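Student: Protein chains in written order, with the numbering used here: chain A, -7 to 622; chain B, 231 to 966.
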């Protein structure tokens, strides 16, 4: 069933020639409109997740639902294919159900709003935006239960529904939705902030049409899609080789566990090109898990990741859009961890989503070694803290952590930064003012970035002192596998979490857990991981190593990983030369990738000693999905 | 939303509790009044000569105003970038000669300066040491964790190093909590020891920015004292004095920027003041234009130079305001286009919009400034066609002043906006560029031809394409200050100035629908006009976070009165007596739970009449205008401010008597202009010969000493009573 678009004007658009300058003008106008959507949202939303961390993403699409400006590609085409109803002027659709929109949003916290834009009785564009709601109900505060086995445990599920009908808010529907969350006021405000962003896009689209005429506007969007396709076509030819003797590029990576004692879970991908088409094949990835770490990966969104990743290397001014989608084929087997079957739980998909970036880098880097980055902070780990304070008032915090950007051809990885677009940290003074928390320390972790010609960025340590009895949930990863290095660099340091109780006892806290009871005075040290190093560390300028030592980013001992001896605040040149010679002699042949282990078995063998935790058990998969692994 | 049920109400109550916590904290914030003192004048005011001085990248412009009779004199001399005070003094000599006065006749010098901005842009500030709280040494290194460039942006982004190097950052063992209570007392012995090492390391300025320092600055002040004991001459900036607001990164960064530019600004202002006193006597009053359009005493400027980052552009906006007043326009978009960048701003009801942050290059600081948006597009912007997309792009690379556009014949070969203007006949070969530079038509053509070849069009169409793209970029900036803020540009006139503004202003008006286009007399020296005509202004602020329902009109009224008195006293000390002072209040307000706030301006009379209810409804209206919706949520006050200004200066601009419409007497020669895809016959006019009442039919080019204006086909330029060219579409109903 395909959505039925109700248009009162049946005149077809005609594709007209758009002169290149008008085209550039429409492009700039739409690009500005997207930025304005963000600006409006951040200013008016209430939840710290959207307002401070910017966990929300807008797009503008053409009349067919193809994204013309935005970040994550368009799901609108898929939505229109699957929606059984009408699309009319004044409608705005809402959904948060990944299974109803083929993974356009990938867990229930993301509320997706889609608005058709009509002009003179015809559908001329779409605007859409999704944002992460702090809470959508379900079994735990924050709605991200690690141990959920079914999506029904994760909160209220809203199938694609008209929340505005003919311009009228369906307030009873909204009321039902808000009634099912722990933070209705935040959700309500965030909801209206997203609506404001969409309305702004609508105004901009109409202004463009008034200025240039409908046919030119529609044709310009087509031209923009074509232009992107031509540019991406050239890029694909440049960086993705054809298979030689049937040999394709292959890369695999893992997330460490499922929070229920099993792991690691593998994602695997083959890449090659045939003619002008790039093929990504995820056959070989593990089947879906029993817990909530599954990630329903939308194929179109994956294409966008690919496009964004490569475009930035060549001409960052190229507008990302859906134009190149025909040039990329993505195959994800049904029932694998990237295409779980309903009703598998999905809430904690953030690790797998982040790991896609490392995987992408590892795959593409093989065809373009100059563009090869190490593994970085491929995650958005969560810290959640909630409870009733002394006065009986409910508090609930959801916070995203930041870590080391990897060493890259472009240079060192920044320390404690975000690899997700637009994300920012929450100021600690804000946290202390609004929540029963004290942030004792907020600092980079020396030596946590992998050594290399270009150093991996350091992870961050945050010391949360709890001021009220409550519960903490944590979703994190890379405690077992390392952020890998490339071109002779060293992997980055893994993540750890340590809880120092008010009475002095210390507890090693696992990477994924819910409902850890905390008391006033308990301090949680949340240590994120560093980025992998790029290139042989023995070739890094010793003066740069010294600078890092003086800045406290590398320790004197850590400088030895670079073969640099620092004494009394200076580089000991003679000792450095000697050390470097010795180390170089022992280095031997370097692999393109340095994972820090030789096999999963070998890694598990030293797990307890290095991490303090028993290694996770090898996952056993449900029969009907096990095939996906083959 | 229709009915709110019990559950939601319950949760709202809980939310309220969070907010209450914040409120408890922020109520302790003090007054952020910048000291307006130290300087005193002896003689009576209003009898002397005011001198406005604007130092630009290429030229230093001066404007002398005689307050008694409204006469003005202007002068333009080359800037002296190595020490810009030399250029200023040269200019003073020149203008006094022109006006036939002695330097001692000048009683006030009002100065807009880009010294602070340039220090940031050229990375030439001081070596700054930083003291943070224990556990927060990496505040600048981590910043807000933000990586620009969208999805995949991290692949190519390299972070610029903090302005206070991490190796020169130390931690103090101390801690305030979010309510301003001392959690950990300051370890004085340790910080004294660490400061001694730090102060010996060669730092030229010191910043102290402690966590939660905005709630209680006792430790910051104590550390500053210790530092001054060790090194009495080091300039020390503390975060609570520079920016008494929440958000540790922003406050630290702002204070560090203050330290970073301080020695340079201090030296410059100090030196300039000494030189002025030598020439004009010890009672000459030097005042510096602040980013927010107010004036700062020389002393305050030296202590809080972070407030001067937009001093230069603020002069242009002030000049535009003054011109607008003379010509009786209330609502204006200002369009100041120079060689490498363009500044735009919005003026409504005779007041420029301001915002509470300032951006310069990669640096963002929390200091109030006129909401000037800058785009990296100007006459020198280079045009190119990337291989991959074949799109025509203009900027942000610029040919700068050296080698400059190809047409300048100084070795530049890349096609710039100026070259496109030459090809189209907008900048005639005979035009002067303020100096003695000659325009080379063949060189411009050769450069633009590269673009024509790359996109396969004629030379003229390529040139017009470049102009349209750069206009579109600038149009984007105009939209940021107008449409994005909820204003319809068609309700505004557009005033074009700066070196290249008058060339593009007519086209920009056409794009955004703002009429008329105003080209003021002497568009190149408008900033100096602004400097000379700015009113004295001072403000006192208090952070006061509280739900509207928890306070009363009487309480707020009392607090505002206190702020008014505090700000007024400082102004009185400057010689502006109470009856010469204008006062208005600013109230920062938001919906409870929101992170942003809006500032509502209200006069004391209106506040007395409508109270907080009036403020709340103004906020709702503005929220709706900005964001398309208003909430039924509770209102929360965030801060109170009283702004006190000196009385308006009125100057009569003397122009010749009204003449007829016929402007042919000002024609210099016939020429050709390319516009809207075709060549047109046109005339070049000499602006100095145009009289009030004259009408210039477009297409036309109007030249004057330092500037060239374009009037497009189907447009008409009328000369108004004060000498502005007002450009309208021929078919436009010219009633304003």
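No residue lacks a Cβ here, since even glycine has one placed at the ideal position from N, Cα and C.
If you're wondering where the values come from, they're calculated on a predicted model, not measured in any experiment.
With a CB to CB cut of under 6 Å and the five nearest residues on each side skipped, what residues in its chain are close to residue 588 of chain B?
Tutor: Counting only Cβ-Cβ distances below 6 Å, and skipping sequence neighbours, we find 521, 539, 540, 595, 597, 599.
Student: Anything in chain A within Cβ reach of residue 625 of chain B, meaning under 8 Å, just list it in chain order.
Tutor: Within 8 Å Cβ-Cβ: nothing; residue 625 of chain B doesn't reach chain A, min ~11 Å.
Student: If you measure beta-carbon to beta-carbon, which residues of the segment 365 to 389 of chain B are closer than 7 Å to chain A?
Tutor: Under the 7 Å Cβ criterion, the segment 365 to 389 of chain B contributes 365, 366, 367, 368, 371, 372, 374, 375, 376, 377, 379, 380, 381, 382, 383, 384, 385, 386, 388, 389.
Student: Just to confirm the assignment, what range does the alpha helix (DSSP H) spanning residue 980 of chain B have?
Tutor: Given that chain B is displayed from residue 231 to residue 966, the structure contains no residue 980 of chain B and the question cannot be resolved.
Student: Verify whether the separation of the beta carbon atoms of residue 215 of chain A and residue 621 of chain B is less than 8 Å.
Tutor: For residue 215 of chain A and residue 621 of chain B, no; Cβs fall outside 8 Å.
Student: Quick one: residues in its chain with C-beta nearer than 6 Å to the C-beta of residue 461 of chain B, no 5 flanking neighbours on either side, listed in chain order?
Tutor: For residue 461 of chain B, where only same-chain residues beyond five positions count, the Cβ hits under 6 Å are 429.
Student: When you compare each of B:369, B:442, B:304, B:312 to residue 322 of chain B by their alpha carbons, which one comes out closest?
Tutor: Among B:369, B:442, B:304, B:312, the Cα nearest to that of residue 322 of chain B belongs to B:304.
Student: Are the C-beta of residue 702 of chain B and some C-beta of chain A separated by less than 8 Å?
Tutor: Answer yes: the Cβ-Cβ gap between residue 702 of chain B and chain A drops below 8 Å somewhere.
Student: Determine the contact status of residue 285 of chain B and residue 516 of chain B, defining contact as a CB-CB distance below 8 Å.
Tutor: Not a contact, by the Cβ cut-off of 8 Å.
Student: Please confirm whether residue 586 of chain B has its beta-carbon closer than 8 Å to some beta-carbon of chain A.
Tutor: So, not an interface residue.
Student: Does the contact criterion of 3 or more C-beta pairs under 8 Å hold for the segment 200 to 219 of chain A versus the segment 119 to 136 of chain A?
Tutor: The segment 200 to 219 of chain A vs the segment 119 to 136 of chain A: no contact.
Student: Let me make sure I understand the geometry here. Which of B:707, B:580, B:574 has the alpha-carbon closest to that of residue 552 of chain B?
Tutor: Closest option to residue 552 of chain B, Cα to Cα, is B:580.
Student: Mind the definition here: the segment 474 to 489 of chain A touches the segment 414 to 430 of chain A only if three or more C-beta pairs lie below 8 Å; say whether that holds.
Tutor: Contact between the segment 474 to 489 of chain A and the segment 414 to 430 of chain A is absent, because fewer than three Cβ pairs lie under 8 Å.
Student: Which residues in chain E have a C-beta closer than 7 Å to the C-beta of residue 479 of chain B? List them in chain order.
Tutor: Looking at the structure shown, chain E is missing, and the protein chains on hand are A and B.
Student: Taking the alpha carbon of residue 269 of chain A as the reference point, which residue from A:227, A:246, A:244 has its own alpha carbon closest?
Tutor: The candidate whose alpha carbon is nearest that of residue 269 of chain A is A:227.
Student: Please report the distance separating the alpha-carbon of residue 613 of chain A from that of residue 256 of chain A.
Tutor: If you take the alpha carbons of residue 613 of chain A and residue 256 of chain A, they lie about 13 Å apart.
Student: Between the Cα of residue 487 of chain B and those of B:875, B:505, B:359, B:798, spot the shortest distance and give me the residue it belongs to.
Tutor: Per the Cα distances, B:359.
Student: Could you check the C-alpha separation between residue 565 of chain B and residue 787 of chain B for me, to the nearest Å?
Tutor: Roughly 38 Å separates the two Cα atoms.
Student: Mind checking whether residue 287 of chain A and residue 98 of chain A have CB atoms under 8 Å apart?
Tutor: Yes, the pair counts as a contact, with Cβ atoms nearer than the cut-off.
Student: How would you call residue 411 of chain B, buried or exposed, if buried means at least 16 neighbouring beta carbons within 10 angstroms?
Tutor: When all chains shown are included, residue 411 of chain B counts as exposed.
Student: To test your reading of the DSSP string, which unbroken beta strand (DSSP E) runs of 3 or more residues are found completely within the segment 146 to 188 of chain A?
Tutor: Runs of the beta strand (DSSP E) inside the segment 146 to 188 of chain A: 153 to 157.
Student: Which whole-angstrom value describes the C-beta separation of residue 920 of chain B and residue 949 of chain B, a residue pair presumed to lie in contact below a C-beta threshold of 8 Å?
Tutor: Yes, residue 920 of chain B and residue 949 of chain B are in contact; Cβ-Cβ is about 5 Å, under 8 Å.
Student: Whose C-alpha, out of A:302, A:341, A:468, is nearest the C-alpha of residue 95 of chain A?
Tutor: With distances taken between Cα atoms, residue 95 of chain A lies closest to A:341.
Student: If you run the structure through DSSP and keep just helix, strand and coil, what is residue 241 of chain A?
Tutor: Strand, per DSSP.
Student: Helix, strand or coil, according to DSSP, for residue 255 of chain B in the structure here?
Tutor: Note that residue 255 of chain B scores a pLDDT of 35, beneath 50, so its modelled location is shaky and nothing firm can be said.
Student: Output yes or no for whether 8 Å exceeds the beta carbon distance between residue 363 of chain B and residue 435 of chain B.
Tutor: Not closer than 8 Å, so no.
Student: Let me check one thing: in DSSP terms, what residues is residue 505 of chain A bridge-paired to?
Tutor: In DSSP, residue 505 of chain A forms a bridge with A:466.
Student: What do you get for residue 656 of chain B, buried or exposed, if any count of 16 or more other CB atoms within 10 angstroms of its CB means buried?
Tutor: Looking at its Cβ environment, which holds 16 or more other Cβ atoms inside 10 Å, residue 656 of chain B is buried.
Student: Please determine if the segment 343 to 357 of chain B and the segment 492 to 503 of chain B are in contact, where contact requires at least 3 C-beta pairs separated by less than 8 Å.
Tutor: Yes, the segment 343 to 357 of chain B is in contact with the segment 492 to 503 of chain B.
Student: Determine, for residue 96 of chain A, whether the minimum Cβ-Cβ distance to residues of chain B falls below 8 Å.
Tutor: So no, residue 96 of chain A is outside the interface.
Student: Within 10 Å of its beta-carbon, does residue 445 of chain B have 16 or more other beta-carbons around it, so buried, or fewer, so exposed?
Tutor: When all chains shown are included, residue 445 of chain B counts as buried.
Student: Which residues does DSSP list as the beta-bridge partners of residue 409 of chain A?
Tutor: According to DSSP, residue 409 of chain A bridges with A:395.
Student: Can you look up residue 827 of chain B in the DSSP assignment and give me helix, strand or coil?
Tutor: DSSP places residue 827 of chain B in coil when its eight states are reduced to three.
Student: Got a sec: which bits of the segment 735 to 757 of chain B sit with their beta carbon under 7 Å from any beta carbon on chain A, in order along the chain?
Tutor: Of all residues in the segment 735 to 757 of chain B, none has a Cβ within less than 7 Å of some Cβ in chain A.
Student: Could you name the residues of chain B that residue 489 of chain A contacts, counting a contact when the two beta carbons are closer than 7 Å?
Tutor: Result: empty, since nearest Cβ-Cβ is about 18 Å, beyond 7 Å.
Student: For the beta strand (DSSP E) that contains residue 261 of chain A, what are its first and last residues?
Tutor: Its beta strand (DSSP E) spans residues 257 to 266.
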